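In our numbering, the protein residues as written are 1320 to 1546.
All C-beta atoms, glycine included, are put in the ideal place defined by N, C-alpha and C.
Small disclaimer: the values here were computed from a predicted structure and weren't measured.
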Amino acid sequence: MNGGGALAAMAALLQRDLRVALRRRADTGAVLVFFLIVVSLFPLGVGPQFELLRRLGAGVVWVAALLASMLSLARLFADDHADGTLEQLLLSPTPLALLVLAKAAAHWLASGLLLVAASPLLALQFDLEGRAIGVLFVSLLLGTPLLSLIGAIGAALTVGLRGAGVLLGLLVLPLVSPVLIFGAGAVDAAAAGLDPGAHLSLLGAMLALALVLAPLAAAAALRIAHD
């Protein structure tokens, strides 16, 4: 298939997954509500200890974003496997890795982007300064697509299995721990008056690498699961 045909197939799959997400507003909203609740519970539990809240803020927001994104990952390929769409994707002349990339992009647009947009408002609960909030926004903008891409590998490995949600968590959470470390570290560096550029550069490099390797790994896992 030529490049134009592959891009058209990716765009069609992306639009289809986004339409499905819009029809399932309850599922999409549950991700955002879960994120809001988890982040908001910490200041209530800790109390008005602003120094402690500032230290915890970046880590809490990042952990909540990670857990929220996991809620919808289990269904990334499960619905396609159940209705036979996955077989059509496997037989498509478009490289499977490109189709996986389109599905991961749809997952991020339907869930991860909402978390990024809500993060500055939630960060105010932790008394973070403007510079730290900006770095938090940028780190999530770089890091949440990584969660979708790495999560696609776990979703592909567990497609069609019972208890896929539990297995998915066991597979994905260790893999995304560097994303959590560098994302929260960038905000901590900014809050301490240091340059967060090194952390953000590492997140950007990881994202560039994942854009190439993660769809290939997920495509291989889907073929193994189908066979």
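For Gly1462, same chain residues with a beta-carbon under 7 Å away, outside a window of 5 residues either side, are Val1498, Gly1502 and Leu1522 in chain order.
A buried status is given to Gly1431, since no fewer than 16 other beta-carbon atoms sit within 10 Å of its beta-carbon. For Gly1378, the CB contacts under 7 Å within the same chain, skipping 5 residues up- and downstream, are Ala1503 in chain order. Three or more Cβ pairs closer than 8 Å define a contact, and the segment 1426–1444 meets that threshold against the segment 1341–1360. By the C-beta density criterion, Gly1324 is exposed, having fewer than 16 other C-beta atoms within 10 angstroms.
C-alpha of Leu1535 to C-alpha of Leu1333: approximately 18 Å in a straight line. Only buried fits Ala1471, as 16 or more other CB atoms lie within 10 angstroms of its CB. Between the alpha carbons of Leu1526 and Gly1403 lies a gap of roughly 31 Å. Judged by their CB atoms, Phe1369 and Ala1475 are not nearer to each other than the 8 Å cut-off. In terms of Cβ geometry, Leu1541 and Leu1443 do not form a close pair [threshold 8 Å]. Selection Ile1500, Val1457 and Ser1411 evaluated against Met1329 yields Ser1411 as nearest (Cα-Cα). Secondary structure of Arg1374 (DSSP, three-state): helix. Taking Ala1383 as reference, the option from Leu1341, Asp1446, Ala1429 and Leu1441 with the minimal CA-CA separation is Leu1441. Boundaries of the alpha helix (DSSP H) harbouring Pro1439: Leu1432 to Ala1442, taken from the DSSP string.
Between Val1506 and Val1454, the CB-CB gap stays under 8 Å. Taking the Cα of Phe1456 as reference, the smallest distance to any Cα among Gly1376, Ile1543 and Gly1479 is reached at Gly1376. For the pair Ala1387 and Phe1354, the CB atoms are nearer than the 8 Å cut-off. Counting of Cβ neighbours within 10 angstroms places Asp1336 among the buried residues, the total reaching 16 or more. Where Leu1417 is concerned, the enclosing alpha helix (DSSP H) starts and stops at Leu1415 to His1426.
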